[in-house]
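Here the protein sequences come in this chain order: A and B. According to my numbering, the residues represented by the first sequence are 116 to 226, in order. According to my numbering, the residues represented by the second sequence are 33 to 145, in order.
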Amino acid sequence: GDSVTQTEGLVTLTEGLPVMLNCTYQSTYSPFLFWYVQHLNEAPKLLLKSFTDNKRPEHQGFHATLHKSSSSFHLQKSSAQLSDSALYYCPSHTGNYKYVFGAGTRLKVIA
Amino acid sequence: EAAVTQSPRNKVAVTGGKVTLSCNQTNNHNNMYWYRQDTGHGLRLIHYSYGAGSTEKGDIPDGYKASRPSQENFSLILELATPSQTSVYFCASGDAWQQNTLYFGAGTRLSVL
Numbered sequence: 116g117d118s119v120t121q122t123e124g125l126v127t128l129t130e131g132l133p134v135m136l137n138c139t140y141q142s143t144y145s146p147f148l149f150w151y152v153q154h155l156n157e158a159p160k161l162l163l164k165s166f167t168d169n170k171r172p173e174h175q176g177f178h179a180t181l182h183k184s185s186s187s188f189h190l191q192k193s194s195a196q197l198s199d200s201a202l203y204y205c206p207s208h209t210g211n212y213k214y215v216f217g218a219g220t221r222l223k224v225i226a
Numbered sequence: 033e034a035a036v037t038q039s040p041r042n043k044v045a046v047t048g049g050k051v052t053l054s055c056n057q058t059n060n061h062n063n064m065y066w067y068r069q070d071t072g073h074g075l076r077l078i079h080y081s082y083g084a085g086s087t088e089k090g091d092i093p094d095g096y097k098a099s100r101p102s103q104e105n106f107s108l109i110l111e112l113a114t115p116s117q118t119s120v121y122f123c124a125s126g127d128a129w130q131q132n133t134l135y136f137g138a139g140t141r142l143s144v145l
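Take a look at the structure:
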């Protein structure tokens, strides 16, 4: 069946270094993929979602490109900021709208 | 911006008591979800719904019931609350015409003593 795999756990980066959080999918078709972000004591919210065409979604300096050849939708940012410290999710979203988030990737940016 | 409102925001319950968490959305979304969040577990899906009158089990439904009496409202019911259900609960809504982008409520912090 369709599935999405996200690198879980803690990623610690020094401010100013590039960010890449991994998300790969397994699907018989090109799915809609998402990145959500949750800051401390806040609700999760949408950060990015894939498009059906070749556009690369961007928001707040983050971008993600859907690569069909590698079945990936990695989240990237050229330069990490302290305010990027948060929990990031790449949820599994099947055709019947069952939305599974998992443990997510915690990004900690240090000075 | 889609609006999802949860109530109460904080709740202290006693073991064995009944707890009802409410969620209201004003965006006419078909799909609604209940998640719980515990440290180290991220968001875990408890129940979800495709529309009024429907409820589906998520990944951790044991000990929880759900009710969707209308398009706008989706409740999570703990008939016999236990300390292991102490958690933060999030409700979300979404719809197919937005590729089911989810909009979350602010969360309910539940403590079962």
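All residues carry an ideal CB built from backbone N, CA and C; glycine is no exception.
Bridge partners - residue 45 of chain B, DSSP secondary structure assignment: B/144
is_contact[residue 223 of chain A, chain B] using C-beta, thresh 8 Å: It does not; no Cβ of chain B falls within 8 Å.
Contact set between the region 67-101 of chain B and chain A, restricted to residues whose Cβ is under 9 Å from the partner: Result list: 67, 69, 72, 73, 74, 75, 76, 77, 80, 82, 88, 90, 91.
Whole-angstrom C-beta distance between residue 91 of chain B and residue 215 of chain A, which should lie under 8 Å: Confirmed, Cβ separation roughly 7 Å.
Contact the region 170-182 of chain A vs the region 119-130 of chain A: 3+ CB pairs below 8 Å: no
Nearest candidate by alpha-carbon position, reference residue 194 of chain A, set A/120, A/124, A/134, A/121: A/134
Reference residue 86 of chain B; option with closest CA among B/46, B/62, B/72, B/144: Comparing Cα positions, the closest option is B/62.
Through-space distance from residue 53 of chain B to residue 65 of chain B, alpha-carbon basis: 12 Å
8 Å Cβ cutoff met for residue 124 of chain B and residue 82 of chain B: no
Identified DSSP bridge partners for residue 147 of chain A: Answer by DSSP bridge pairing: none, since residue 147 of chain A is not bridged.
C-beta neighbour in chain A for residue 106 of chain B, strict 8 Å: Answer no: the Cβ-Cβ gap between residue 106 of chain B and chain A never drops below 8 Å.
Start-to-end residues for the beta strand (DSSP E) that takes in residue 92 of chain B: Careful: residue 92 of chain B lies outside any beta strand (DSSP E) and carries neither H nor E.
Within 8 Å, strictly: CB atoms of residue 101 of chain B and residue 113 of chain B: No Cβ-Cβ contact shorter than 8 Å links residue 101 of chain B with residue 113 of chain B.
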